[in-house]
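Below is one structure, written out as structure tokens, with a few remarks after it.
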Amino acid sequence: MLKQIPSKEGVAIEEIYGLNKELDNKHGGVILVGDHLYAGRGDSNQVYCADLQTGEIRWRERGSGKGSIAIIAGDGKLFVRFKDGTMALALATPEGYQEVSSFTTPGSGDAEMPSWAHPIISDGKLLLRENDSILCYDIKQ
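Now the structure itself:
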């Protein structure tokens, strides 16, 4: 992790901690909730939580889906989308992976067309693209 420090000459860079291969991420993004990073690891259907300040892994657990992960957060929850079309809801807590519920996205499961599109949250709605369809779920409640 690098810290940018403004100076008269421009911006100085300070290394907070070095590269940690345990924090690798295939393509699903890394998100920050509070002081913790949440992401998926490779193609392993693992979700992990790491301390932002130290890079220390707090937990790494397998979710209910298969394959790589795209992840977003909202209202203290993680919305975890797996390559096989599984969409899971988990609590965003450094205490451990706590999956609350999951479902299979309609139209998913085709090995030739994996569920790689990143989920979006906008105005209380969860938006998912599955192949040539857009799915919208009301998540305000």
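Per my numbering, the sequence shown runs over residues 12 to 152.
Glycine included, each C-beta is placed from N, C-alpha and C at the ideal position.
Asked	Found
Every unbroken beta strand (DSSP E) inside the segment 67-139 [3 residues or more]	68-73, 80-85, 88-93, 97-102, 109-115 and 131-133
Residue 98 burial status per 10 Å Cβ neighbour count (16 or more: buried)	buried
Rounded straight-line distance, which links the Cα of residue 131 to that of residue 163	Any property of residue 163 remains undetermined from this structure, which presents the chain solely from 12 to 152.
Where residue 151 sits in the DSSP three-state scheme	coil
Span separating the alpha-carbon of residue 104 from that of residue 92	18 angstroms
Local Cβ density within 10 Å of residue 20, reported as buried at 16 or more and exposed below that	exposed
N- and C-terminal bounds of the beta strand (DSSP E) containing residue 59	57-62
Assigned secondary structure, residue 34 (DSSP; H/G/I helix, E/B strand, else coil)	helix
Proximity of residue 71 and residue 57 at Cβ, strictly below 8 angstroms	yes
Sequence-distant residues of the same chain with beta carbon closer than 7 angstroms to residue 75, five excluded per side	97, 99, 110 and 113
Residue from 14, 78 and 151 with nearest C-alpha to residue 29	14
Contact under 8 angstroms by Cβ, residue 43 with residue 61	no
Supposed close pair residue 53, residue 37 - CB separation, criterion 8 angstroms	5 angstroms
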